[in-house]
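Okay, structure first, notes after.
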Amino acid sequence: MKNSQKSFPEGFLWGGAVAANQIEGAWNTDGKGPSIADHITAGTKSSPRRFTKEIHSGERYPSHEAIDFYHHYKEDIALLAEMGFKIFRISIAWSRIFPKGDEAVPNAEGLAFYKNVFAECKMYGMEPLVTLSHYEMPYHLCENYGGWTNRKVIDFFVHYCETVLTEYKEEVHYWLTFNEMNTLVSRFGNVLCGGILPEDGADLFGMTGKISETAEEMSRRFTALHHQFVAGAKVVALAHKINPGNKVGCMLSAAGVYPYTCNPDDVLEAQRQMNRSNWFCGDVCVKGNYPYFMNRFFRENNIVISKEPGDEEIIKAGTVDFFSFSYYCSRCATTDESVKLAAGNMIMGVANPHLPVSEWGWTIDPKGLRYLLNEIYARYEIPIMVVENGLGEADEIAEDGGIHDTYRIEYLTEHIREMREAIEDGVDLIGYTPWGCIDLVSASTGEMKKRYGFVYVDKQDDGSGSLTRKKKDSFAWYKRCIETNGESV
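Converting from the sequence shown to the numbering used here requires adding 4 to each position, the first position being numbered 1.
Printed below as a string of structure tokens:
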């Protein structure tokens, strides 16, 4: 039940989140080059997306059209403004600014597109929150440089960031470096996060036929992550130099990890997983150094990271201003191999018998968000944003023409209430941008069927659809939530 004594702070940043490769489309329009996302086929919850080196005419690549935000951005931003958005998380497609990623001169038409998008946001008093790299690395850098395994990519990325930080220094004041960079802690992040190409035809995670990784493969992956640490720190320093009013955050895929039982082995396993999946990247980005607990992990797995003199100083000098993360689910950890595993947001975990799951098998755990917010704030004591959270469901248009997504309203209501409790606990939570505020292509499955939005887009998994936008019931609900600064929830 709502407690009127508990409220969100004045100026709380209510909004929503999307990503370029999942909404823009226009994949080869106005000088844009192909990204790694443009080489990933459609899939389903039971059939994984695949990487193809060449673009095959008989395959469907969802990012090629997506929901065509490129040509609908004015309509879409107007809808978000109607809900009262204070902030809009969006990403810039690196390959729209530098088609190959390694050019000296940017694509003027790409720069102009985002200038227009940000102007539209400004017209409605909406602050952009811009992710600089969101699973859409220029394909040329992946194919010819080995993605982030190549140290040269640091300079390419910094040049790209300097270009957009300078171009939009008056329009954008909140920036994120890499989306869910901690996915590179596991091989699930190789392709989308690291730009490390698998074999042609392999699944999205590059795991087709793979049982385990070699020490050499793990070393390449963690070297790629190290290069992102260095690049991210350089960009933080650069952003502050270009505009001292800029605020730059890290962005992680966060999930609370519970011990499956009170067996000390399970408790230690949960701690190990929290350390590797959440605190490793968080500590580097916020504290500016590698945490002690990774030393044993690297040693026991024979992982050798390629570093250069001065890297530690760069990382230390480029710590972030705020911490942001995606939250969809929690998971349990156990050393008991017989316990059934369940998937959630690309992370394998143990099913929690006390919690329900979504149609796509993701655990629904609102209290886990409060737990995680407290853990993060206790560790870092800097402002926090929840920049992804939501429920992917197969929304249907009812006979009366409406889209009655009460399940989404219930899901978000419970999570917002737990955020309010975390604020009462003392957490400095400054913003909330639910994921896929307008329907978009699912990153994990490539489906349109898996919908998150307050706005329905008539686009189907087979590519058909008019692209017409339609408000769901959750649209009016979220509008009311923002109007009352969360008091209506």
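For every residue, glycine included, the Cβ atom is placed at its ideal position computed from N, Cα and C. The structure presented is a predicted model; accordingly, all values stated were derived computationally and were not measured.
Whole angstroms are fine: how far does the CA of residue j sit from the CA of residue i?
i, j, result
"LYS57", "GLU425", "48 angstroms"
"LEU196", "ALA41", "7 angstroms"
"GLY15", "THR437", "14 angstroms"
"GLU317", "ARG155", "17 angstroms"
"GLU86", "LYS483", "8 angstroms"
"GLY105", "ASN120", "22 angstroms"
"PHE233", "PHE161", "12 angstroms"
"ILE386", "GLY435", "13 angstroms"
"ALA23", "PHE301", "33 angstroms"
"ASP270", "VAL343", "12 angstroms"
"LEU359", "ALA219", "36 angstroms"
"ALA243", "ASN250", "6 angstroms"
"VAL445", "VAL239", "29 angstroms"
"ILE319", "GLY292", "5 angstroms"
"SER50", "TYR264", "26 angstroms"
"THR170", "GLY253", "18 angstroms"
"ASP159", "PHE73", "30 angstroms"
"ILE81", "CYS125", "7 angstroms"
"ASP340", "ARG276", "15 angstroms"
"ASN148", "ALA382", "42 angstroms"
"GLU107", "GLY150", "17 angstroms"
Closer than 8 angstroms by C-beta to residue i: which residues in its own chain qualify, once you throw out the five before and the five after it? Chain order, please.
i, result
"PHE122", "PRO132, TYR172, GLU175, VAL176"
"HIS494", "The structure shown does not extend to residue 494, since the chain spans only 5 to 493, so no value can be given for it."
"ILE413", "ASP477, SER478, TRP481"
"LYS245", "none"
"LYS10", "ARG424, GLU425, ILE427, GLU428"
For a quick check, are the C-beta atoms of residue i and residue j less than 8 angstroms apart?
i, j, result
"MET255", "ASN183", "yes"
"LYS454", "GLY396", "yes"
"PRO38", "SER137", "no"
"TRP439", "GLY490", "no"
"ILE101", "LEU17", "no"
"GLY236", "MET141", "no"
"VAL288", "TYR296", "no"
"THR135", "ARG93", "yes"
"SER362", "ALA258", "no"
"SER281", "VAL189", "yes"
"GLY20", "PHE89", "yes"
"PRO103", "GLY29", "no"
"ASN378", "VAL431", "yes"
"ILE27", "LEU471", "no"
"THR338", "GLU273", "yes"
With which residues is residue i paired in a DSSP beta bridge?
i, result
"SER510", "Past the edges of the chain, shown from 5 to 493, lies residue 510, and the structure says nothing about it."
"TYR436", "TRP18, VAL390"
"GLY2", "An answer regarding residue 2 cannot be provided, because it is not within the stretch 5 to 493 covered by the chain."
"SER39", "PRO142"
"ASP207", "ARG54"
"ARG455", "GLU397"
"TYR164", "Partner(s): none; TYR164 has no beta bridge."
"ILE380", "In the DSSP output, where bridge partners are listed per residue, ILE380 has none listed."
"ILE442", "VAL459"
Got a sec, what are the start and stop residues for the alpha helix (DSSP H) residue i sits in?
i, result
"ILE94", "Where ILE94 is concerned, there is no enclosing alpha helix (DSSP H), although the beta strand (DSSP E) it sits in stretches over 91 to 95."
"VAL288", "284 to 291"
"ARG303", "297 to 304"
"PRO268", "268 to 278"
"ARG64", "Element bounds for ARG64: n/a, residue is neither H nor E."
"ARG421", "410 to 429"
"GLY198", "It is not in any alpha helix (DSSP H) - GLY198 carries neither H nor E in the DSSP assignment."
"PHE122", "112 to 127"
In terms of residues, what are the limits of the beta strand (DSSP E) holding residue i?
i, result
"VAL189", "Taken as a continuous stretch (DSSP letters only), VAL189 belongs to no beta strand (DSSP E), as it is neither H nor E."
"CYS336", "335 to 337"
"PRO263", "261 to 263"
"ARG473", "473 to 475"
Within its chain, find whatever has a CB closer than 6 angstroms to the CB of residue i; leave out the 5 residues flanking it on each side and keep chain order.
i, result
"GLY260", "SER334, GLY372, TYR375, LEU376"
"LYS6", "Here the model assigns LYS6 a pLDDT of 46, short of 50, so the residue's position is not dependable and the matter cannot be decided."
"MET298", "PHE284"
"TYR384", "VAL290, PHE327"
"HIS68", "TRP31"
"ASP207", "PRO52, ARG54"
"SER95", "ALA23, ALA24, THR135, HIS138"
"LEU83", "VAL459"
Return no unless some Cβ of chain B is closer than 8 angstroms to the Cβ of residue i.
i, result
"CYS197", "In the structure shown, chain B does not exist; there is a single protein chain."
Please go through the same chain and pick out, in chain order, the residues whose beta-carbon is closer than 7 angstroms to the beta-carbon of residue i, but skip the five residues on each side of it.
i, result
"VAL493", "LYS6, THR417, ILE420, ARG421, CYS485"
"ASP399", "ILE407, ASP409, ARG455, TYR460, LYS476"
"THR48", "THR449, GLU451"
"GLU217", "ARG191"
"GLU63", "THR45, THR56"
"ILE380", "PHE327, ILE388"
"ALA402", "HIS408"
"PHE12", "ARG424, ILE427, ASN489, GLY490"
"LYS78", "GLU124"
Can you find a heavy atom of the ligand ADP that lies under 7 angstroms from the Cβ of residue i?
i, result
"GLY457", "Inclusion of the ligand ADP in the displayed structure is not the case, the ligand content being empty and no account of it being possible."
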